[in-house]
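Residue numbers (the numbering used here), protein chains in the order written: chain A, 1 to 312; chain B, 1 to 312. Heads up, the beta-carbon is just placed ideally off N, CA and C, and yes, glycines get one too. If you're wondering where the values come from, they're calculated on a predicted model, not measured in any experiment. Here's the structure, in structure tokens; my notes come after.
There are 2 protein chains.
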Amino acid sequence: MTRKGIIGIDIGGTNIKAALVRGGRLSRRVRTTTHAHVGVQRSVNQIKSTITPLHSEANAIGIGIAGIIDSKKGVVKYSPNLKGWENVPLARILRREFGLPVYILNDVNAICLGEWKHGAGRGHNNLFLFTLGTGVGGAAICEGKLLFGAHGFAGEFGHTTIHAKGPLCICGQHGHIERYAGAKFIVARARKKMAKQKSSLAKYDLLTPKIIAREAARGDRVAREVFSEVGYYLGLGIANLLALFDPEIVIISGGIARAGRVLFAPIRRTVQQVVMGSKYRDFKIVPALLDDDAGIVGAALFAKLTRVNRPV
Amino acid sequence: MTRKGIIGIDIGGTNIKAALVRGGRLSRRVRTTTHAHVGVQRSVNQIKSTITPLHSEANAIGIGIAGIIDSKKGVVKYSPNLKGWENVPLARILRREFGLPVYILNDVNAICLGEWKHGAGRGHNNLFLFTLGTGVGGAAICEGKLLFGAHGFAGEFGHTTIHAKGPLCICGQHGHIERYAGAKFIVARARKKMAKQKSSLAKYDLLTPKIIAREAARGDRVAREVFSEVGYYLGLGIANLLALFDPEIVIISGGIARAGRVLFAPIRRTVQQVVMGSKYRDFKIVPALLDDDAGIVGAALFAKLTRVNRPV
Chain A
1 MTRKGIIGID IGGTNIKAAL VRGGRLSRRV RTTTHAHVGV QRSVNQIKST ITPLHSEANA
61 IGIGIAGIID SKKGVVKYSP NLKGWENVPL ARILRREFGL PVYILNDVNA ICLGEWKHGA
121 GRGHNNLFLF TLGTGVGGAA ICEGKLLFGA HGFAGEFGHT TIHAKGPLCI CGQHGHIERY
181 AGAKFIVARA RKKMAKQKSS LAKYDLLTPK IIAREAARGD RVAREVFSEV GYYLGLGIAN
241 LLALFDPEIV IISGGIARAG RVLFAPIRRT VQQVVMGSKY RDFKIVPALL DDDAGIVGAA
301 LFAKLTRVNR PV
Chain B
1 MTRKGIIGID IGGTNIKAAL VRGGRLSRRV RTTTHAHVGV QRSVNQIKST ITPLHSEANA
61 IGIGIAGIID SKKGVVKYSP NLKGWENVPL ARILRREFGL PVYILNDVNA ICLGEWKHGA
121 GRGHNNLFLF TLGTGVGGAA ICEGKLLFGA HGFAGEFGHT TIHAKGPLCI CGQHGHIERY
181 AGAKFIVARA RKKMAKQKSS LAKYDLLTPK IIAREAARGD RVAREVFSEV GYYLGLGIAN
241 LLALFDPEIV IISGGIARAG RVLFAPIRRT VQQVVMGSKY RDFKIVPALL DDDAGIVGAA
301 LFAKLTRVNR PV
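Here it is, written out as structure tokens:
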């Protein structure tokens, strides 16, 4: 008989990804399209179907899920991706079904734990991770501990203000990080410039940050300007993170983080220029290493760590 | 024989304050004017003179000091208030002199510890404290632990950007919190308004935030506008703190925090308007309780807590 593992699950608005995790290694991967608009009962059933083929080989379940999660009670208070999910006692429901201890946490917290223990953050006691995608999420490890905060909200980098008189964010406030670095705002910035300048971006019907990054790397001036500006605003935000958390390392996760030098060069330049006391600091700003696996690994790790402290 | 205490010392640019601390209570208070410009040797001697009458009743010494402090090594890397202080191994010097274990930390970290255990922050595991004075300092308790960060820099709220295109801060960057809420900038804001409007502030030769707060409380329109604007910018900054740290409580310390309603009303109004997910949050923004004693109590507490973990 092989040693039992922990089921790690990453529930996103698009996909549910799961695997059996042993010592940071994944096996028995499962991936299904999230049925996000079918109501609580049917999407819970979908999660159960994901677990069923794995549960006999596991001794715990860890789940990362976007939204406001009460990890202590195992309750999804609100999830923006899943229709109707308010105050769903997900941990209890699954524990009854499978007879295994179940632990849930915010998806970005899970990614942060995964990158911390098995990815770009290994060996660091103070780190901040944020994700660049449709939205901008974040999470912090402070003095060797994942920061939940009073309501499990800590790390909300995307909705911090860096420009009091800046443009309106989707949340209704001005000059938030997400308003500059969220995917659709990166595309909108490119379109605005394309109206005034010639650009190789014009040949694409559907623009994405990935395409803009590729054209920037090839030297397109509009695309380079877009990333230079996005990098500047992200740099201001990261300087705030360095001032407040003083991490050794800032990790950028999510699709846009794969843009490479066109993104990281303007970020690093800005941070060096604006951060307080740079001569006394030693820090790195790096891309994540685990890609899509980080959330699965981190969710499993959370189950493992929590189980040791609070056996169920 | 009475039980021994811990000497708590708060070294500021203006005063050195010390006392014997037992269970959060102060006795044998000492207060002297800081000789800030006399060089390292003579200001170290001044600190020794402060300790001498107390040390036979103490079993440890804790010191809060403005600047960049390496608490692990007991070294003052840099202090803006004390001329020539760079890489001074203060803990070792004093330990040799008095034969007692000595622990040093940043002054705002000390204030934060003091308010956490004996003041406005009692019973909270996640809190942020900032000081309003000449400058704006800050410190955080995260999951029941004082946050030092990688270099002991964490909590630098004063030099976070809230307005990318805002006015220049003394540090050379734009739109920092300190540029709006530092004492001299509050006074400058009043003077600018006084040039255009009648105000009861005109009768004062020397304006201070305290005077402006008093006249605001009495209904002076210029003074009220000043605090309404300062409160707005502080509110934006506090909303960032809530987004990133998710504390249950934000404590404002320092002279200007005693301004009362004229300051706290616009802060609370702004935060309620701008903070993400306010319906899921429960937090307080309150003035500090311990006034000048917080730094002494907190320094002593730091010595006590550190001593338990690392006996010298």
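Cutoff 8 Å: residue i Cβ touching any chain B Cβ
i               : result
Y103 of chain A : no
T131 of chain A : no
A272 of chain A : Looking at the sequence itself, residue 272 of chain A is Gln, so the reference to Ala does not match. Answer no: the Cβ-Cβ gap between Q272 of chain A and chain B never drops below 8 Å.
E178 of chain A : no
L236 of chain A : yes
K77 of chain A  : yes
A120 of chain A : no
V40 of chain A  : no
N126 of chain A : yes
E57 of chain A  : no
Cross-strand partners of residue i (DSSP beta bridge)
i               : result
Y103 of chain A : A:G62
N15 of chain B  : B:T33
R281 of chain B : Answer by DSSP bridge pairing: none, since R281 of chain B is not bridged.
I27 of chain A  : Sequence inspection shows Ser at residue 27 of chain A; the Ile mentioned does not correspond to that position. DSSP lists A:L20 as partners of S27 of chain A.
E86 of chain B  : B:Y78
L201 of chain A : Answer is none; L201 of chain A lacks a bridge partner.
I69 of chain A  : A:V76
T131 of chain A : A:G137 and A:S253
D10 of chain B  : B:K17 and B:G64
C142 of chain A : A:K145
L168 of chain B : B:H174
H163 of chain B : A:H163
V286 of chain A : A:I251
Minimum Cβ-Cβ distance from residue i to chain A less than 8 Å
i               : result
D246 of chain B : yes
V312 of chain B : Low local confidence applies: a pLDDT of 37 at V312 of chain B is under 50, so the model's placement there is unreliable, with the coordinate-based value given in what follows. No, V312 of chain B lies away from the interface with chain A (no Cβ there is under 8 Å from its Cβ).
L305 of chain B : no
L147 of chain B : yes
F185 of chain B : no
M276 of chain B : yes
I68 of chain B  : yes
E215 of chain B : no
K17 of chain B  : no
Q344 of chain B : Chain B is shown only over 1 to 312; residue 344 of chain B falls outside these bounds and no answer can be derived.
E225 of chain B : no
E229 of chain B : no
Expected contact under 8 Å - CB spacing of residue i and residue j to nearest Å
i               : j               : result
E156 of chain B : M194 of chain A : The pair is not a contact, with the Cβ atoms about 39 Å apart (cut-off 8 Å).
I285 of chain B : I267 of chain B : 6 Å
A223 of chain B : A190 of chain B : 7 Å
H163 of chain A : C171 of chain A : Contact flag wrong, Cβ pair sits at about 14 Å.
R31 of chain A  : K17 of chain A  : 5 Å
I252 of chain B : F130 of chain B : 6 Å
K59 of chain B  : L100 of chain B : The amino acid occupying residue 59 of chain B in the given sequence is Asn; Lys does not appear at that position. Contact flag correct, Cβ pair sits at about 7 Å.
D264 of chain B : F128 of chain B : It should be noted that the sequence gives Phe, not Asp, for residue 264 of chain B. Between F128 of chain B and F264 of chain B the Cβ distance is about 15 Å, and since that is not below 8 Å, they are no contact.
K236 of chain B : T270 of chain B : The sequence shown places Leu at residue 236 of chain B, not Lys. Right, their Cβ atoms sit about 6 Å apart.
A239 of chain A : V274 of chain A : 5 Å
F302 of chain B : G62 of chain B  : 5 Å
The segment 139 to 151 of chain B contacting the segment 103 to 122 of chain B, beta-carbon criterion three pairs below 8 Å: Contact between the segment 139 to 151 of chain B and the segment 103 to 122 of chain B is established, with three or more Cβ pairs separated by less than 8 Å.
Can we say the segment 116 to 128 of chain B touches the segment 85 to 94 of chain B, given the rule of at least three CB pairs closer than 8 Å? No, because fewer than three Cβ pairs between the segment 116 to 128 of chain B and the segment 85 to 94 of chain B fall closer than 8 Å, the two stretches do not touch.
For the segment 85 to 114 of chain A, which residues have a CB atom closer than 9 Å to at least one CB atom of chain B, in sequence order? Result list empty, no residue passes.
Please determine if the segment 159 to 179 of chain A and the segment 213 to 228 of chain A are in contact, where contact requires at least 3 C-beta pairs separated by less than 8 Å. Under the three-pair Cβ rule at 8 Å, the segment 159 to 179 of chain A does not count as touching the segment 213 to 228 of chain A.
Selection of the segment 147 to 171 of chain A by Cβ proximity to chain B, strictly under 8 Å: So the close ones are L147, F148, G149, A150, H151, G152, F153, A154, G155, E156, F157, H159, T160, T161, I162, H163, A164, K165, G166 and C171.
According to a CB-to-CB cut-off of less than 9 Å, which residues of the segment 281 to 305 of chain B neighbour chain A? Listed by position, the residues of the segment 281 to 305 of chain B near chain A (Cβ gap below 9 Å) are R281, D282 and F283.
For the segment 289 to 304 of chain A and the segment 31 to 47 of chain B, state whether three or more C-beta atom pairs, one from each stretch, are separated by less than 8 Å. The segment 289 to 304 of chain A vs the segment 31 to 47 of chain B: no contact.
Under 8 Å, with one C-beta from each stretch per pair, do the segment 27 to 34 of chain B and the segment 64 to 79 of chain B reach the 3-pair mark? Per the Cβ contact rule, the segment 27 to 34 of chain B is not in contact with the segment 64 to 79 of chain B (fewer than 3 Cβ pairs under 8 Å).
Would you say the segment 145 to 163 of chain A touches the segment 1 to 17 of chain B, given that touching needs at least three Cβ pairs under 8 Å? Contact fails: fewer than three Cβ-Cβ distances are below 8 Å.
When the Cβ atoms of the segment 91 to 111 of chain B are set against those of the segment 229 to 247 of chain B, are three or more pairs found closer than 8 Å? With a cut-off of 8 Å, the segment 229 to 247 of chain B and the segment 91 to 111 of chain B do not count as touching, because too few Cβ pairs lie within range.
Which of the residues in the segment 238 to 268 of chain A, read from start to end, lie with their CB under 9 Å from any CB of chain B? In summary, the residues of the segment 238 to 268 of chain A whose CB is separated from some CB of chain B by less than 9 Å are A239, N240, L241, L242, A243, L244, F245, D246, P247, E248 and I249, in the order they occur in the chain.
Mind the definition here: the segment 178 to 188 of chain B touches the segment 174 to 187 of chain A only if three or more C-beta pairs lie below 8 Å; say whether that holds. With the rule of 3 Cβ pairs closer than 8 Å, the segment 178 to 188 of chain B does not count as touching the segment 174 to 187 of chain A.
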